[in-house]
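One structure is given here, and the rest of the page talks about it.
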Amino acid sequence: MKDFYNPDFVDHVNDTTFRGYEGGEESVAFYRAIFKQLRMQAEEQITEGNRVASRWVLTGTYRRRAVTLRGTTISRFADDGRILEDHGHTDTVSLLRQLGVLRTLALATEILTRRVKLPQGALQRG
(Lines of atoms letter the chains of each structure in order from A and count residues from 1; the text may use other names and numbers.)
(Lines give C-alpha, C1' and ligand atoms only; values in the text may rest on other atoms or scores of the structure.)
Protein backbone atom coordinates (compact mmCIF):
# COMPACT_ATOMS: atom_id res chain seq x y z
CA MET A 1 0.00 0.00 0.00
CA LYS A 2 2.81 2.41 0.85
CA ASP A 3 4.20 2.12 -2.68
CA PHE A 4 0.97 3.42 -4.22
CA TYR A 5 -0.64 5.67 -1.59
CA ASN A 6 0.61 8.83 0.10
CA PRO A 7 0.66 8.70 3.96
CA ASP A 8 -2.03 11.43 4.00
CA PHE A 9 -4.31 9.40 1.73
CA VAL A 10 -8.07 10.08 2.03
CA ASP A 11 -10.55 7.69 0.43
CA HIS A 12 -14.13 8.88 -0.09
CA VAL A 13 -16.32 5.89 -1.03
CA ASN A 14 -19.99 6.69 -1.58
CA ASP A 15 -20.91 8.34 1.72
CA THR A 16 -17.93 7.12 3.78
CA THR A 17 -14.39 8.34 4.38
CA PHE A 18 -11.24 6.34 5.13
CA ARG A 19 -7.98 8.02 6.16
CA GLY A 20 -4.37 6.97 5.84
CA TYR A 21 -2.93 3.52 5.30
CA GLU A 22 -4.99 2.07 8.13
CA GLY A 23 -8.25 3.31 6.61
CA GLY A 24 -7.36 2.01 3.17
CA GLU A 25 -6.40 -1.39 4.56
CA GLU A 26 -9.63 -1.51 6.57
CA SER A 27 -11.71 -0.77 3.47
CA VAL A 28 -10.00 -3.52 1.46
CA ALA A 29 -10.29 -6.01 4.35
CA PHE A 30 -14.06 -5.40 4.47
CA TYR A 31 -14.50 -6.36 0.82
CA ARG A 32 -12.20 -9.37 1.21
CA ALA A 33 -14.20 -10.56 4.23
CA ILE A 34 -17.44 -10.46 2.26
CA PHE A 35 -16.44 -11.62 -1.20
CA LYS A 36 -14.56 -14.82 -1.89
CA GLN A 37 -12.50 -15.01 -5.07
CA LEU A 38 -12.33 -11.21 -5.10
CA ARG A 39 -10.97 -9.64 -8.29
CA MET A 40 -10.85 -6.00 -9.35
CA GLN A 41 -10.05 -4.74 -12.83
CA ALA A 42 -9.92 -1.30 -14.43
CA GLU A 43 -12.10 -1.20 -17.54
CA GLU A 44 -11.21 2.33 -18.63
CA GLN A 45 -8.96 5.13 -17.38
CA ILE A 46 -8.65 8.76 -18.41
CA THR A 47 -5.92 11.09 -17.16
CA GLU A 48 -5.73 14.84 -16.91
CA GLY A 49 -3.04 16.65 -14.97
CA ASN A 50 -2.60 14.99 -11.57
CA ARG A 51 -5.92 13.11 -11.75
CA VAL A 52 -6.97 9.73 -13.12
CA ALA A 53 -10.61 8.74 -13.62
CA SER A 54 -11.15 4.97 -13.54
CA ARG A 55 -14.17 2.88 -14.42
CA TRP A 56 -13.71 -0.49 -12.74
CA VAL A 57 -15.40 -3.81 -12.03
CA LEU A 58 -15.11 -5.96 -8.91
CA THR A 59 -16.13 -9.62 -9.13
CA GLY A 60 -16.41 -12.25 -6.44
CA THR A 61 -18.79 -14.61 -4.73
CA TYR A 62 -20.94 -14.30 -1.65
CA ARG A 63 -22.55 -17.48 -0.31
CA ARG A 64 -21.90 -19.23 -3.61
CA ARG A 65 -23.54 -16.46 -5.68
CA ALA A 66 -21.35 -14.74 -8.26
CA VAL A 67 -21.62 -10.96 -8.03
CA THR A 68 -20.31 -8.00 -9.98
CA LEU A 69 -19.89 -4.53 -8.51
CA ARG A 70 -19.15 -1.66 -10.87
CA GLY A 71 -17.88 1.74 -9.91
CA THR A 72 -15.87 4.81 -10.76
CA THR A 73 -13.02 6.43 -8.90
CA ILE A 74 -11.29 9.73 -9.47
CA SER A 75 -7.78 9.65 -8.00
CA ARG A 76 -5.66 12.72 -7.25
CA PHE A 77 -1.92 12.17 -7.17
CA ALA A 78 0.60 13.95 -4.93
CA ASP A 79 3.92 15.32 -6.17
CA ASP A 80 5.59 12.08 -5.00
CA GLY A 81 3.57 10.13 -7.61
CA ARG A 82 1.40 8.32 -5.05
CA ILE A 83 -2.36 8.62 -4.68
CA LEU A 84 -3.33 11.35 -2.23
CA GLU A 85 -7.12 11.22 -2.53
CA ASP A 86 -9.82 9.06 -4.10
CA HIS A 87 -13.47 9.87 -4.73
CA GLY A 88 -15.31 6.66 -5.55
CA HIS A 89 -18.89 5.66 -6.24
CA THR A 90 -20.29 2.14 -6.56
CA ASP A 91 -23.50 0.68 -7.93
CA THR A 92 -24.72 -0.69 -4.60
CA VAL A 93 -28.32 -1.09 -5.78
CA SER A 94 -27.21 -3.47 -8.53
CA LEU A 95 -25.17 -5.43 -6.00
CA LEU A 96 -28.17 -5.83 -3.70
CA ARG A 97 -30.29 -7.01 -6.63
CA GLN A 98 -27.68 -9.63 -7.48
CA LEU A 99 -27.49 -10.83 -3.88
CA GLY A 100 -31.26 -11.09 -3.55
CA VAL A 101 -33.32 -10.62 -0.41
CA LEU A 102 -32.07 -13.63 1.56
CA ARG A 103 -28.36 -13.04 0.93
CA THR A 104 -28.75 -9.31 1.65
CA LEU A 105 -30.41 -10.17 4.97
CA ALA A 106 -27.66 -12.70 5.68
CA LEU A 107 -25.00 -10.08 5.02
CA ALA A 108 -26.79 -7.56 7.25
CA THR A 109 -26.96 -10.19 10.00
CA GLU A 110 -23.24 -10.93 9.63
CA ILE A 111 -22.48 -7.21 10.01
CA LEU A 112 -24.87 -6.76 12.97
CA THR A 113 -23.46 -9.80 14.79
CA ARG A 114 -19.93 -8.61 13.91
CA ARG A 115 -19.02 -11.78 12.03
CA VAL A 116 -18.09 -9.31 9.30
CA LYS A 117 -16.51 -6.17 10.76
CA LEU A 118 -17.95 -2.94 9.38
CA PRO A 119 -15.06 -0.54 8.65
CA GLN A 120 -14.74 2.48 10.97
CA GLY A 121 -14.87 4.68 7.86
CA ALA A 122 -18.39 3.43 7.19
CA LEU A 123 -19.43 4.93 10.51
CA GLN A 124 -18.05 8.40 9.69
CA ARG A 125 -19.71 10.87 7.34
CA GLY A 126 -17.79 13.10 4.95
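Adding 200 to a residue's 1-based position in the sequence shown gives its number in our numbering.
Beta carbons are placed, not taken as given, at the ideal position from N, Cα and C, and that holds for glycine.
In this structure residue 223 does not touch residue 215 by the C-beta definition: roughly 15 angstroms separates them, more than the 8 angstroms allowed. Taking every protein chain shown into account, the CB of residue 319 has 16 or more other CB atoms within 10 angstroms, so this residue is buried. Residue 271 and residue 236 do not touch by the CB rule: their CB atoms are close to 19 angstroms apart, not below 8 angstroms. In the same chain as residue 286, and ignoring 5 residues on each side of it, the C-beta atoms closer than 6 angstroms to its own belong to 211, 273 and 275, in chain order. As far as DSSP is concerned, residue 231 takes part in no beta bridge. With respect to residue 303, residue 262 sits close: the two C-beta atoms are nearer than 8 angstroms. Apart from the 5 residues on each side of it in sequence, residue 241 sits with its Cβ closer than 7 angstroms to the Cβ of 256 and 257 in its chain, given in chain order.
Boundaries for residue 303: no beta strand (DSSP E) harbours it, while the alpha helix (DSSP H) harbouring it runs 292-312, taken from the DSSP string. Remark: C-beta atoms of residue 298 and residue 267 approach each other more closely than 8 angstroms.
From the listed residues 284, 291, 213 and 233, the smallest Cα separation to residue 201 is found for 284.
Counting of Cβ neighbours within 10 angstroms places residue 209 among the buried residues, the total reaching 16 or more.
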